[in-house]
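A quick write-up on the structure given underneath.
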Amino acid sequence: LEGEAGGAGGWACAGDRLENKTSVSVASWSSLNARMDNRFATAFVIACVLSLISTIYMAASIGTDFWYEYRSPVQENSSDLNKSIWNDFASDEADEKTYSDALFRYNGTVGLWRRCITIPQNTYWYSPPERTESFDMVTKCMSFTLNEQFMEKFVEPGNHNSGIDLLRTYLWRCQFLLPFVSLGLMCFGALIGLCACICRSLYPTIATGILHLLAGLCTLGSVSCYVAGIELLHQKLELPENVSGEFGWSFCLACVSAPLQFMASALFIWAAHTNRKEYTLMKAYRVA
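Everything in the sequence shown is counted per our numbering, starting at 46 for the first residue and increasing by one.
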């Protein structure tokens, strides 16, 4: 009887130790799981913030007209040539050389879908006796029509008989279309991320990361096409004396947006892939 009692007591102690070890193991895994969930959630939040900032930058870049800016001396408003250039600039039939000459002379700015020049507010086509309010400057803008966006560029700008410059033509089209594609991809990725939050799963965010990666490539491609197009244009049309050009803040916003999209993409993909891997390992351990 004493032996049987001792054996029963030993088994009870062993059972208690096993239960304690199991409890400690479960608690440790629960703590580790919580830490991993916090880590992935932090990465997800940072990626969302980067995505939001890049979307705002890209939208502002598309909607503004300061991708490229020209700096020229102030033009006198007493020249008939100035009047002719402005009328040609405002015409719906203005070709590339015509509006480029106006941009050079009148401190022009160029965006993806608008071009602007700065002219005297009250234009007198004779020499006024004094420089009064007639020399106050105002900015006038003209939008590129859809037809102009897809119009062929010529080897010699303004000369329709010089042949089509296919490189500049497709560069112009890409610089106009790719930013909108990038913005659309990010919005679609945000929709998938919202669905992932509703489902309480990080795995669908792999698709969000891939879409942000494609958006970053589109933004980078748009910036590259714009730089190449501007350089090729200036090779065809040299800037007049005392006229300089530089990339504006709208262009800089697009440049900043691309790396933000790449960083958001990396965080989305890392969080989803690593979370899936850790979940698989934990599930295998529990089964074992």
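Yeah, the Cβ is synthetic: ideal placement off N, Cα and C, and Gly gets one too.
Residue pairing by DSSP places Met103 in no beta bridge whatsoever.
One alpha carbon belongs to His279, the other to Ser129, and they sit about 23 angstroms apart. Pairing Thr190 with Cys232, the inter-Cα distance amounts to about 26 angstroms. If you draw a 10 Å sphere on the C-beta of Trp294, you find fewer than 16 other C-beta atoms in it, and that means exposed. Distance check between Leu222 and each of Asn206, Thr250 and Thr264 places Thr264 closest, using alpha-carbon atoms only. If you draw a 10 Å sphere on the C-beta of Pro285, you find fewer than 16 other C-beta atoms in it, and that means exposed. When the beta-carbon positions are compared, Ser302 and Met103 come within less than 8 angstroms of each other.
When C-beta atoms of the region 83-94 are compared with those of the region 211-219, fewer than three pairs fall below 8 angstroms, so the two segments do not count as touching.
When the alpha-carbon of Ala299 is set against those of Pro224, Trp158 and Asn152, the nearest one is in Pro224. Counted as a single uninterrupted DSSP element, the stretch harbouring Lys198 is not any beta strand (DSSP E), since DSSP gives it neither H nor E. Taking 8 angstroms as the cut-off, the beta carbon of Ile162 is found no closer than this to the beta carbon of Lys142. Excluding sequence positions up to five before and after Gly234, its CB lies within less than 6 angstroms of the CB of Thr253, Leu256 and His257, all in the same chain and listed in chain order.
DSSP, read as helix, strand or coil, puts Ser289 in strand. With respect to the C-alpha of Cys297, the residue from Ser267, Leu277, Ile314 and Arg160 having the closest C-alpha is Ser267. DSSP, read as helix, strand or coil, puts Thr154 in strand. For the set Tyr271, Gly274, Asn287 and Thr250, the Cα lying nearest the Cα of Ser310 is the one of Thr250. Counting C-beta atoms within 10 angstroms of its own C-beta, Arg213 has 16 or more neighbours from the protein chains shown and is therefore classed as buried. Under DSSP, Val183 forms a beta bridge with Ile164.
Counted as a single uninterrupted DSSP element, the alpha helix (DSSP H) harbouring Glu276 occupies residues Thr250 to Lys281. Glu138 carries a coil assignment under DSSP once its states are collapsed to helix, strand and coil. Taking all protein chains shown into account, Arg116 has fewer than 16 neighbouring C-beta atoms within 10 Å of its C-beta and is therefore exposed. Within the same chain, Trp158 and Arg159 come within 7 angstroms of Ser188 by CB-CB distance, once the 5 residues on both sides are set aside.
By the neighbour-count criterion, in which a residue is buried when 16 or more other Cβ atoms sit within 10 angstroms of its Cβ, Leu305 is buried. Out of Leu97, Asn83 and Gly153, the CA that lies nearest to the CA of Gly238 is found in Leu97. Along the length of the region 205-247, whole alpha helix (DSSP H) runs at least 4 residues long occupy 211-244, reported in chain order. The Cβ-Cβ distance between Phe149 and Ala316 does not fall below 8 angstroms. Distance from the CA of Glu197 to the CA of Leu312, rounded to the nearest whole angstrom, comes to 41 angstroms. Under a 10 Å Cβ-count criterion, Ser207 is classified as exposed, with fewer than 16 other Cβ atoms of the shown protein chains found around its own Cβ. Nearest C-alpha to Phe111 among Glu201, Phe292 and Ile101: Phe292. In the three-state DSSP reduction, Ser310 falls in the helix class (H, G or I).
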